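Input: a single structure, listed below in structure tokens.
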């Protein structure tokens, strides 16, 4: 059975509108949005506290995650309105044409907020990898990160151009949801249509597939980083688990794509059948932020619970699990008095950050950047 936004006359005649007591989706979706958004806010708050206050090493990646809360919240508000006011929780035939026009506006706003949120998260993750790679990995790896960032930016711009130039005139994007307007302006064999729109299904499916590809690229890049840094297998496994959680984000994108295909090619009841597509979209956007904040979250808890047991005088801390071979890394790391460094207890991710920073400084100090495979 074909599907999409515009049902043929034969299908429209089978619809029986019920504006009084229509079948409606449960409001559990709104509870899900509130719960996962609240948890995301909590995780981001811990991340920012860990980076700005505890470790004092905040970067652009942290700022991107912080500003990401604005489009993420906007997306959640838009979906709340869609399900409470614009009929996204009902069958399409149980909503009046004016309501469906408003729903199309909400759909466009949601897509824009989703694109801003997910692209900011991806760039934040890639910038975090760049920070870990400073002075420790060959320039080829750094260029790979920059290429991935450029890929995300080009994707971001292309999506917006496609969305805003999808229909001409622009307002026909949402006006065509009104059956009366659509049949009046769509044209016929004797009259040219008053509006032109590209294939919405093709645009959304292509966008979803590219987004999934970028998710798995972001997950795959750390593999090369872990094997270059001088950390033990135990540390590599721990870091791999942290970043491997991001695979779930890609899985959310896959499920969302499956339901988008179903909406445009298997049904005309788009408002009702789009329910699970919205569920996976919300999960994808929020879990992406949560996964991006996981390293700092681990840092927060280790600083909070382990930092209390530290002695009050200066000391040396040795990491037996960090390989000491090579001129760019010292086995024994000296830390100042805890009165100046509040929490000198490090998580596995911080060990890598400290290792990366020290490798870079040693390389620059000894002018060894041109020797071997490690260069900046």
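In this note's numbering, the protein residues as written are 50 to 425. We put the beta carbon where it would ideally sit given N, CA and C, even for glycine. For clarity, every value in this text was computed on a predicted model and none was experimentally measured.
Checking the DSSP bridge columns, you'll see residue 246 partnered with 216. Under DSSP, residue 73 shares a beta bridge with 139. The C-alpha of residue 303 lies about 26 Å from the C-alpha of residue 135. Residue 206 and residue 175 do not touch by the CB rule: their CB atoms are close to 17 Å apart, not below 8 Å. In this structure, the straight-line span from the alpha carbon of residue 109 to that of residue 173 is close to 7 Å. Shown here, residue 64 sits in coil according to DSSP, grouped into three states, outside any helix or strand. With respect to the C-alpha of residue 262, the residue from 126, 252, 201 having the closest C-alpha is 201. The C-beta of residue 73 has fewer than 16 other C-beta atoms within 10 Å across all chains shown, which makes the residue exposed. Rounded to the nearest whole angstrom, the C-alpha separation of residue 320 and residue 330 is 15 Å. When the Cα atoms are used, residue 118 and residue 90 turn out to be separated by approximately 8 Å. A Cβ-Cβ distance of about 7 Å is found for the pair residue 51 and residue 314, placing them in contact under the 8 Å criterion. In the DSSP assignment, residue 132 falls within the alpha helix (DSSP H) that extends over 109 to 133.
Per DSSP, the continuous alpha helix (DSSP H) segment holding residue 147 begins and ends at 146 to 181. Here residue 259 has 204 as same chain residues with Cβ atoms under 8 Å from its own Cβ, once five neighbours each way along the sequence are excluded.
Residue burial annotation: residue 210 is exposed, with fewer than 16 other C-beta atoms found within 10 angstroms of its C-beta. Under a 10 Å Cβ-count criterion, residue 76 is classified as exposed, with fewer than 16 other Cβ atoms of the shown protein chains found around its own Cβ. Counting other Cβ atoms within 10 Å of its Cβ, residue 222 reaches 16 or more and is therefore classed as buried. Residue 334 sits away from residue 122, with the two beta carbons spaced by 8 Å or more. Around the CB of residue 120, 16 or more other CB atoms lie within 10 Å, so the residue is classed as buried.
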